[in-house]
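>
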Amino acid sequence: MKGFILDTDTWIEYFRHRGGVETHIAATPANQIFASEVSIAELTYGTLHSKAVERHLQEPKEIEETFTILPLGDWTRDYAEIRQSLASQGLIVGDFDIMIAVTARHHGLTVVTQNTKHFEKISGIQCVDWI
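0 is the number of the first residue of the sequence shown in numbering that gives the first Met the number 0; add one for each residue after it.
(1) Is the distance from the Cβ of V37 to the Cβ of T46 below 8 Å?
(2) According to the neighbour-count rule (16 or more other Cβ atoms, all chains shown, within 10 Å of its Cβ), is Y13 buried or exposed?
(3) Determine the extent of the beta strand (DSSP E) in which S35 is found, giving its start and end residues.
(4) Could you say which of S122, C126, H105, R104 lies nearest to Q113 if we only look at CA atoms?
(5) Can you give, in chain order, each stretch of the alpha helix (DSSP H) that sits fully within the region 36-123 and has at least 4 residues?
(6) What's the C-alpha gap between P59 and R15?
(7) Provide the residue span of the beta strand (DSSP E) that contains I130, from first to last.
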């Protein structure tokens, strides 16, 4: 599979109309842009804690209606191995970032994130920053 999986921070910038995310998304075919179920969950959680719940509730729905949402799949072993490897090196990467990375690696996607330093710690992950 060719394309990009956007990290939650990138989706937030997209909906806030900041950085170059909108330009990159507009220039990339929709069938090459993906979101993880993890990002949908994080965005929904953030929405429920915002002061503009109704306005922001539409954002995860817009992603679901426009782009392909990739499930976590059966990659629990991959997640555990990556987390163990990072921990044994004294490296800390958030669980959600590892889950997104596992999804990206499984599908051969590039992660789009501002947190390139997190994702670069994970073997086999390519990442770019569109912000």
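The beta carbon of each residue, even a glycine, is placed where N, CA and C say it ideally should be.
Result, derived from the coordinates:
(1) In terms of Cβ geometry, V37 and T46 do not form a close pair [threshold 8 Å].
(2) So Y13 counts as buried.
(3) Secondary structure note for S35: its beta strand (DSSP E) is the uninterrupted segment 32-35.
(4) Looking at S122, C126, H105, R104, the one whose alpha-carbon comes closest to that of Q113 is C126.
(5) With a minimum length of 4 residues, the unbroken runs of alpha helix (DSSP H) contained wholly in the region 36-123 fall at 36-47, 52-65, 75-87, 94-106, 115-118.
(6) Straight through space, the alpha carbons of R15 and P59 are spaced by roughly 13 Å.
(7) Run containing I130: none; DSSP gives neither H nor E here.
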